[in-house]
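Undergrad:
Take a look at the structure:
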């Protein structure tokens, strides 16, 4: 049996709260993800929740999670929270942490897939919150797990499609800001 190393529940619940707070008039607004409006980020969240749930289930999904605003499902307000709940439930099974998992066409050790899923949920949750003018509560244990992963990725050099180049952040910055910097985000980003 695999060992569950962390739980995605707290951060997924926070992202579901942020999703519920997105107004329709914000769907075309920019996000910290260059060239991706709020609708595209929501579409990406919808796709990644399914892809990483299927990774936990050991059922690979070909291709990447969609990021086009045109891919946003019409029932996104209910679908994304439900898909986040299913993602959490899938990674709460010890079998999800065994062997390998595949997401977005990339096979990796299952614990790595879990931290990538957590990082995607946590960081894109911040992207969505800041783009739509909402507060965001990052779970400290989730931030710590993602920071360790992002620091290792940054030390290995650029990985196209994973993170942008690190953004310098003061050493005494809050933990979430340090994580954001490692993932190529400016913690001070706000919509124009």
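Numbering (the numbering used here), first residue to last: 49 to 240.
Glycine is no exception: its CB is placed at the ideal position from the N, C-alpha and C atoms.
Remember, predicted model here, so these are calculated numbers, not experimental data.
Taking Cβ positions, are residue 239 and residue 77 nearer each other than 7 Å?
TA: For residue 239 and residue 77, yes; Cβs fall inside 7 Å.
Undergrad: Where does residue 149 fall in DSSP's three states?
TA: Three-state DSSP puts residue 149 in a strand.
Undergrad: I need the DSSP call for residue 66, collapsed to helix, strand or coil.
TA: DSSP places residue 66 in helix when its eight states are reduced to three.
Undergrad: So residue 154 is in the beta strand (DSSP E); what residue range does that whole segment cover?
TA: Counting along the chain, the beta strand (DSSP E) containing residue 154 begins and ends at 154-157.
Undergrad: Could you give the distance in angstroms between the alpha-carbon of residue 156 and the alpha-carbon of residue 137?
TA: Taking the straight line joining both Cα atoms gives about 20 Å.
Undergrad: CA-CA distance, residue 161 and residue 211?
TA: Whole-angstrom Cα-Cα distance: 15 Å.
Undergrad: Would a C-beta distance cut-off of 7 Å place residue 89 and residue 176 closer than the cut-off?
TA: Taking 7 Å as the Cβ cut-off, residue 89 and residue 176 qualify as a contacting pair.
Undergrad: Spell out the partners DSSP gives residue 85 in its beta bridges.
TA: Bridge partners of residue 85: 78.
Undergrad: Return the first residue and the last residue of the alpha helix (DSSP H) that residue 128 is part of.
TA: Residue 128 -> alpha helix (DSSP H) spans 124-139.
Undergrad: Is the CB-CB distance between residue 144 and residue 104 below 7 Å?
TA: In contact: residue 144 and residue 104 (Cβ atoms closer than 7 Å).
Undergrad: Go ahead and label residue 200 buried or exposed: buried means 16 or more other beta carbons lie within 10 angstroms of its beta carbon, across all protein chains shown.
TA: So residue 200 counts as exposed.
Undergrad: Alpha carbon to alpha carbon, how far is residue 148 from residue 108? Give it in angstroms, no decimals.
TA: Using only the alpha carbons, I get a separation of about 11 Å.
Undergrad: Considering only the beta carbon of each residue, do residue 170 and residue 195 sit closer than 7 Å?
TA: Contact flag unset, no.
Undergrad: May I ask which residues mark the beginning and end of the alpha helix (DSSP H) holding residue 143?
TA: No alpha helix (DSSP H) holds residue 143; DSSP gives it neither H nor E.
Undergrad: Cα-Cα, which of 142, 53, 68 is closest to residue 182?
TA: Measuring from the Cα of residue 182, the nearest candidate turns out to be 68.
Undergrad: Please list the terminal residues of the continuous alpha helix (DSSP H) segment that includes residue 200.
TA: Element bounds for residue 200: 188-203.
Undergrad: Using the C-alpha atoms, what's the distance from residue 116 back to residue 186?
TA: Cα to Cα, residue 186 sits roughly 26 Å from residue 116.
Undergrad: Look at the alpha carbon of residue 188 and the alpha carbon of residue 141, and state the distance between them as a whole number of angstroms.
TA: Residue 188 and residue 141: Cα-Cα distance of roughly 22 Å.
Undergrad: In chain order, what residues of the same chain lie with their CB nearer than 7 Å to the CB of residue 237, ignoring the 5 residues before and after it?
TA: Cβ neighbours of residue 237 beyond the five flanking positions: 80, 178.
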